[in-house]
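Engineer:
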Amino acid sequence: MKFIFNFILFGFLYYMLWRFLPQDSFDTIVSWMGRVFEFVQNLVVLSFDKVSELVSGAGNG
140 MKFIFNFILF GFLYYMLWRF LPQDSFDTIV SWMGRVFEFV QNLVVLSFDK VSELVSGAGN
200 G
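The sequence shown runs 140 to 200 under our numbering.
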C-alpha cells in the first residue's frame with residue numbers, strides 16, 4: 140500500500156515539475172537524473188562483476 144501511495148505521489152510531483160517549470164529547466168533536471176541513473180546502474184554492474192570475480196577466484200587458491 141505504501142509503495143502504491145509513494146508511486147502516485149512521485150508521479151504527481153513529476154507532473155507538477157513538468158507543468159510549472161520552464162521547459163529548459165525541466166530538460167536540465169531530466170538530463171541530470173538520466174546521468175545519475177546511468178552512474179548508479181554502472182556502480183551496480185561493476186559491484187556485481189567485482190563480487191563474481193572475487194567469488195570465482197576464491198575457489199582457485
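Cβ coordinates follow ideal geometry from the N, Cα and C atoms, glycine included.
Please state the DSSP three-state secondary structure of residue 185.
Structural biologist: Looking up residue 185 in the sequence shown gives position 46. Of the three classes helix, strand and coil, the one that applies to residue 185 here is helix, per DSSP.
Engineer: Alpha carbon to alpha carbon, how far is residue 181 from residue 161?
Structural biologist: Against the sequence shown, residue 181 aligns to sequence position 42. Against the sequence shown, residue 161 aligns to sequence position 22. Computed Cα separation, rounded: 31 Å.
Engineer: Since residue 165 and residue 156 are thought to touch, with beta carbons under 8 Å apart, how far apart are those beta carbons, to the nearest angstrom?
Structural biologist: For the purposes of this step, residue 165 is taken as residue 26 along the sequence shown, with counting starting at 1. For the purposes of this step, residue 156 is taken as residue 17 along the sequence shown, with counting starting at 1. The pair is a contact, with the Cβ atoms about 6 Å apart (cut-off 8 Å).
Engineer: Go ahead and pull the three-state DSSP assignment for residue 193.
Structural biologist: Position 54 of the sequence shown, counting from 1, holds the residue named residue 193. Reduced to three states, the DSSP call for residue 193 is helix.
Engineer: How many angstroms separate the CA atom of residue 184 from the CA atom of residue 172?
Structural biologist: As a working note, residue 184 is residue 45 in the sequence shown. As a working note, residue 172 is residue 33 in the sequence shown. The alpha-carbon atoms of residue 184 and residue 172 are separated by roughly 18 Å.
Engineer: May I have the straight-line CA-CA distance separating residue 152 from residue 145, to the nearest angstrom?
Structural biologist: If you number the sequence shown from 1, residue 152 lands on position 13. If you number the sequence shown from 1, residue 145 lands on position 6. Distance between the alpha carbons of residue 152 and residue 145 is about 10 Å.
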